Structures are given as structure tokens and as C-alpha cells.
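K.L.:
In this note's numbering, the protein residues as written are 160 to 312.
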């Protein structure tokens, strides 16, 4: 393939300094003044990062126990149902893994919340658990978790 150029074309010649002129219009003085080689740094204080709140052992035990009930089911009048469901105290034991301080404190908070919602007559978690509906029991669990969260325990 041969390309021939004819000197009698109708093209307008391009000014070789066209781009330089265009950039000059966009940025009239591209070089920084000699007096200030680099701008002084501007102090920038970042706001303190929000503190990462760790879940306390009581909140974790209550949350894990409620998750256990959601996963395996809730039962009345038995610690562990043959199909795996548990009553509230059984779920607490499963979540805590042992009768440790978190288990004891979570149980006390749960019973206190049960008394707040259902009267002071309840002496134990099993008696309260067996006398209420699943929705009532869940309401107490959720309130106890919120209290543990607010108390940061």
C-alpha cells in the first residue's frame, strides 16, 4: 500500500505550539515560586477512633444461650428435651460451659429481668420458665441481654 501526500491539500497547518499554549491557559504558572519550595504542612488532627467495645462475659453468655434456644428449641419442665431443646437454665449451662461467674451473673440478671416483667414471686429460673409462653420468655432474654450490654458486663 502506498500513501501519497499531495502538497496541495486542503488541510490547515497545525500550530506546533498549540498544546503548549492550551496548557499555558489552563495553568498560567506551572512552576512554584522560588521563595516557597514546598508548602508548610497543615496540622491535621484526626478525631479519636471510637473505642471498640468488647462484649462482656455476662452479655456473651446470655447472647450465646439465646442463640442456643433459637437453634435447638425451647422447652418447659425439662432441662434437656430428648430432641435437644432446653429450658432457660439448660441453655445458660450450655452457653457458659461451666457453672462459672458468667453463668451465675447471667442467671441472676435473667431472673431479675423475669421479676421485673412478671412479678417478684419468681424464686428460680426454672419455675419462671415453666410458667410462661415462649414469647414471654424470649422477651425477658432480650431485655436481659440489653441490660448486660448497657451495664457493660
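Ideal placement from N, C-alpha and C gives every residue a C-beta, glycine not left out.
Quick caveat: nothing in here was measured; it's all calculated off a predicted structure.
1) Could you give the DSSP three-state label for residue 306: helix, strand or coil?
2) Can you tell which of 238, 242, 237, 277 has its C-alpha closest to the C-alpha of residue 231?
3) Mind reading off the beta-carbon distance from residue 272 to residue 303? Whole number of angstroms is fine, and I expect it under 8 angstroms.
4) Return the CA-CA distance between residue 251 and residue 239, expressed in angstroms with no decimal places.
5) Within 10 angstroms of the Cβ of residue 245, are there 16 or more other Cβ atoms? Answer buried if so, exposed if not.
6) For residue 233, which of helix, strand or coil comes out of DSSP?
7) Are the CB atoms of residue 307 and residue 268 nearer to each other than 8 angstroms?
8) Using a threshold of 8 angstroms, state whether the C-beta atoms of residue 314 and residue 264 are closer than that.
P.N.:
Taking the structure as given:
1) helix
2) 242
3) 4 angstroms
4) Linking residue 251 to residue 239 through their CA atoms gives a straight-line distance of about 12 angstroms.
5) buried
6) Residue state, collapsed to three classes: strand.
7) In terms of Cβ geometry, residue 307 and residue 268 form a close pair [threshold 8 angstroms].
8) Since the first residue of the chain shown is 160 and the last is 312, residue 314 is not available in this structure.
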